[in-house]
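In my numbering, the protein residues as written are 1 to 253. Report on the structure given below.
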């Protein structure tokens, strides 16, 4: 399959025009490798592991959600040089679909809302809002943990019954909290919970999952969609976050 044909399909899935202004120059074909692609690899981040795995699997293109270079650089770090060398030596194209895939129908935010079970989800300040079957905040947090496959944090009265839920994939608390308060949302679920957000949450309960687990499911879904037109693999590369639970060690300290 020609690179150009594959890019056309990717742009149908996540039109570049849906991207936020700050993504200008950071999405699309970041690096062109071979002109023909017989296999595609999909990952959330262009990590060394993901690039190496894509090359080992014989992929001609690696599609990621996060771009390789976010801020302008004036010198090439050893890690960036290693990534570029792996891409270039293996003829790997790198294609990024970030906020355009966040905002696209069936994209990152729709997949997250579906996993949480939002009913009649609608666009909501960088994410989606809908309802769930009424349950306690703790039950909702447990459900989110089970469906996302990760540990979560939550803030609020655990026995409070909740129904109206907003989800924002990635780091969305700061963007969506004030709107959640204005719209009397029961729970806001996102990533990277900060102290000032906790203190300023008002009556909105907060559920926080690691960034990776709110976005990677959509990349897995993308791999399944692309596999219908070209052999595609999803490369799972979550950050290895470890947790020390105070309740489990306090007897020993």
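Where a beta carbon is used, it is the ideal one built from N, C-alpha and C, also for glycine. Note that the structure is a prediction, hence the values are computed from the model and not measured.
Cβ-Cβ separation, residue j to residue i (assumed contact under 8 Å), whole Å
{"i": "residue 218", "j": "residue 107", "result": "6 Å"}
{"i": "residue 165", "j": "residue 186", "result": "6 Å"}
{"i": "residue 209", "j": "residue 99", "result": "Going by Cβ atoms, the distance from residue 209 to residue 99 rounds to 19 Å, so no, they are not a contact pair."}
{"i": "residue 44", "j": "residue 212", "result": "6 Å"}
{"i": "residue 60", "j": "residue 28", "result": "At roughly 17 Å, the Cβ-Cβ gap does not stay under 8 Å, so residue 60 and residue 28 are not in contact."}
{"i": "residue 80", "j": "residue 33", "result": "Going by Cβ atoms, the distance from residue 80 to residue 33 rounds to 17 Å, so no, they are not a contact pair."}
{"i": "residue 170", "j": "residue 214", "result": "6 Å"}
CA nearest to the CA of residue i, picked from the options
{"i": "residue 198", "options": "211, 132, 213, 181", "result": "181"}
{"i": "residue 42", "options": "189, 57, 33", "result": "57"}
{"i": "residue 156", "options": "143, 171, 147, 205", "result": "205"}
{"i": "residue 132", "options": "124, 120, 142, 239", "result": "120"}
{"i": "residue 25", "options": "213, 237, 89, 72", "result": "72"}
{"i": "residue 116", "options": "134, 46, 223", "result": "134"}
{"i": "residue 148", "options": "137, 136, 159, 113", "result": "113"}
{"i": "residue 241", "options": "235, 249, 161, 152", "result": "152"}
{"i": "residue 136", "options": "145, 143, 158, 146", "result": "158"}
{"i": "residue 36", "options": "14, 5, 22", "result": "5"}
With 16 other Cβ atoms within 10 Å as the buried cut-off, status of residue i
{"i": "residue 2", "result": "exposed"}
{"i": "residue 191", "result": "buried"}
{"i": "residue 65", "result": "buried"}
{"i": "residue 95", "result": "buried"}
{"i": "residue 247", "result": "exposed"}
{"i": "residue 46", "result": "buried"}
{"i": "residue 49", "result": "exposed"}
{"i": "residue 196", "result": "exposed"}
{"i": "residue 22", "result": "exposed"}
{"i": "residue 76", "result": "exposed"}
Residue i - containing beta strand (DSSP E), residue span
{"i": "residue 233", "result": "232-234"}
{"i": "residue 128", "result": "127-136"}
{"i": "residue 121", "result": "119-124"}
{"i": "residue 167", "result": "161-167"}
{"i": "residue 188", "result": "187-190"}
{"i": "residue 153", "result": "153-155"}
Run of the alpha helix (DSSP H) containing residue i, from where it starts to where it stops
{"i": "residue 82", "result": "78-89"}
{"i": "residue 13", "result": "3-13"}
{"i": "residue 221", "result": "211-226"}
{"i": "residue 28", "result": "Run containing residue 28: none in the alpha helix (DSSP H); it sits in the beta strand (DSSP E), 28-31."}
{"i": "residue 175", "result": "173-182"}
{"i": "residue 18", "result": "Segment: none, residue 18 is in no alpha helix (DSSP H) and carries neither H nor E."}
Cutoff 7 Å: residue i Cβ touching any chain C Cβ
{"i": "residue 75", "result": "Absent from the structure: chain C. Only one protein chain is present."}
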